[in-house]
Structure formats: C-alpha cells, structure tokens
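Asker: Below: one structure in structure tokens.
In the UniProt record's numbering, the protein residues as written are 1 to 140.
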C-alpha cells in the first residue's frame, strides 16, 4: 500500500451539513476501495488565485490515506462525477524514513587542565628527589 494525499476544492455554495456529508462520502469511498485513512484536514474557505468554474472562493479539504495503486482509477472516476468538487489533486506521498535518535555525548567528569597539572606535578617531585640523591652522591 502506498501513501497518497487528496486535496480538493469544494463549491462555496453548499451548506456546512452538505460539506460534512461530502467529507464522509469521500472517506467511505476510499475505505470501500480498500484504503485506510490517515489524516483529514479542513483548511476552511479560501480565496482562489483565479476563478475556477466561475467561483473565486472554495472550501479546501485534504485527506491522507493508504491504498493500493490499482484502486486509483476507480477513485479518480468517482471524484470527477461529484458535482460540488471544483477541482482535486491526488499525489503519492513519500513516507519519510525515521532516523534513529542520536545519543548525546556525556561531558568528561574531569577538566583536561586539572589532569595536565596533576601529571606535571608528578614528574617534578621525582626530578627533585633525583637531584637530591645526585647531590648526596656527588657531595660525599
């Protein structure tokens, strides 16, 4: 099953009850063809950039669903017959692959400058002891 998005413009002349009935009808049509609805978004009434079928306003509806590609011709045919649908667009959506979440790196518990100072103190003590022993040996 592929993911598809159907966006359609509905005539502004119909009432909200008829608009809701049309939404249910299209959802039922998709489910009857073997599709599974994912999301449904109603963007409300929009001003169109140019008139479509002599109308400058339309209700914009969007459906996202999964369906077999063989069922699309039947769906297209049924949508063309609907008289209140001014225009529709059916596109295949690519499902984004989920990436594994990255694990944040932990900060080191010691500061690098502290460890460098501790390391430098160690050899100085050893050098002082060596110098004292050399003086004792050379002095005697």
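Note that CB positions come from ideal geometry on N, CA and C, so glycine has one too. None of the values given here were measured: they were computed from a predicted structure.
Quick check: residue 75 and residue 7, are their CB atoms within less than 9 angstroms of each other?
Answerer: For the purposes of this step, residue 75 is taken as residue 75 along the chain shown, with counting starting at 1. For the purposes of this step, residue 7 is taken as residue 7 along the chain shown, with counting starting at 1. No. Outside cutoff.
Asker: Is residue 37 helix, strand or coil when you go by DSSP?
Answerer: Locating residue 37 in the chain shown gives position 37, counting from the first residue. Three-state result, residue 37: strand.
Asker: Using a Cβ distance threshold of 8 angstroms, determine whether the region 45-57 contacts the region 21-29, with at least three qualifying pairs required.
Answerer: No contact exists between the region 45-57 and the region 21-29.
Asker: If you draw a straight line from the alpha carbon of residue 24 to that of residue 48, how long is it in whole angstroms?
Answerer: Position 24 of the chain shown, counting from 1, holds the residue named residue 24. Position 48 of the chain shown, counting from 1, holds the residue named residue 48. Between residue 24 and residue 48, the C-alpha separation is close to 24 angstroms.
Asker: Only counting runs of 4 or more residues, tell me where the alpha helix (DSSP H) segments fall wholly within the region 11-98, in order along the chain.
Answerer: As far as the region 11-98 is concerned, its whole alpha helix (DSSP H) runs of at least 4 residues are 16-32, 72-81.
Asker: Among all the DSSP beta bridges, which residues are the ones paired with residue 135?
Answerer: Taking the chain shown and counting its residues from 1, the one referred to as residue 135 is at position 135. Looking at the DSSP assignment, residue 135 forms no beta bridge with any residue, so it has no partner.
Asker: In this structure, what does DSSP give as the bridge partners for residue 9?
Answerer: As a working note, residue 9 is residue 9 in the chain shown. Note: residue 9 sits in a beta bridge opposite 60, 87.
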